[in-house]
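Below: the structure, in structure tokens.
In the numbering used here, the protein residues as written are 4 to 242.
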């Protein structure tokens, strides 16, 4: 069963599941995100979410963390069925920064909307239901450390489908990631709900960042998705 839990220092979350859980999630991301030439106005967010999808895929291949968890198979059951097998299953996991996870959760709304536009049975599409479950797990985890008002506003906004990451300046996600890494655990606990809202609803801070990115891209007529921050991520993160 797929699960998402806080890391020890609340720097991010740990996404965990067996091979089939993670592979199902990867396939859902990959299918819903579509072909790279399909959603030009969502180029930056699509690349961003593909990176998350690739992290999920890598984790399912055992490139990150491995854990053995009891599967409920008892000795009595093995005797009764004349069967010998392991009593634990292998689970895989990887960490993701909270700002990255929150942006991913919000951005999925756009791609689900784009993907289901021509589907007759959108609500029952297997990939959509997988991604909706993923969003629900993030929401469940966020509720544990958020101010109730912030949480309700975030979940209401996500559920309403009014969010948009069209032409999004994804450099803002990097900026939030780097700031969040520098915070203490107490600070992260205090601001997590408000951070979620920064991705879900329009805010002046994001608008200012986007204006700067556009100004930097204009001289070379570059796409804003091709611009990057000068500050680099630390080699080691205290999760």
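Backbone N, C-alpha and C fix where the C-beta goes; we use that ideal spot for every residue, glycine too.
Shortest Cα-Cα distance from residue 202 to any of 17, 173 and 89 involves 173.
Residue 167 sits in coil when the DSSP states are folded into three classes, being neither helix nor strand.
In the three-state scheme derived from DSSP, where H, G and I count as helix and E and B as strand, residue 240 is classed as coil. The shortest C-alpha to C-alpha distance from residue 73 to any of 184, 91, 132 and 239 is the one to 91. By a beta-carbon distance limit of 8 Å, residue 195 contacts residue 149. Their separation comes to about 6 Å. Judged by DSSP secondary structure, residue 172 falls outside any alpha helix (DSSP H); it is assigned neither H nor E. Separation of residue 223 and residue 122 (C-alpha to C-alpha, rounded to the nearest whole angstrom) is 39 Å. Look at the beta carbons and you see the region 178 to 188 not touching the region 124 to 134: under three pairs across the two are nearer than 8 Å. Your pair residue 28 and residue 59 checks out as a contact, with CB atoms roughly 5 Å apart and the cut at 8 Å.
For residue 140 against residue 115, the beta-carbon gap comes to about 16 Å, at or over 8 Å, which does not count as contact.
Cβ-Cβ distances below 7 Å link residue 219 to 230 in the same chain, with the five nearest sequence neighbours on each side left out; the list follows chain order. Ranked by how close their Cα comes to the Cα of residue 24, the residues 151, 111, 94 and 117 have 94 in first place. In the structure shown, the three-state DSSP call for residue 11 is coil. Cβ contact annotation for residue 119 (same chain, cutoff 7 Å, sequence separation greater than five): 125, 128 and 131, in chain order. Residue 43: not part of any beta strand (DSSP E); DSSP gives it neither H nor E.
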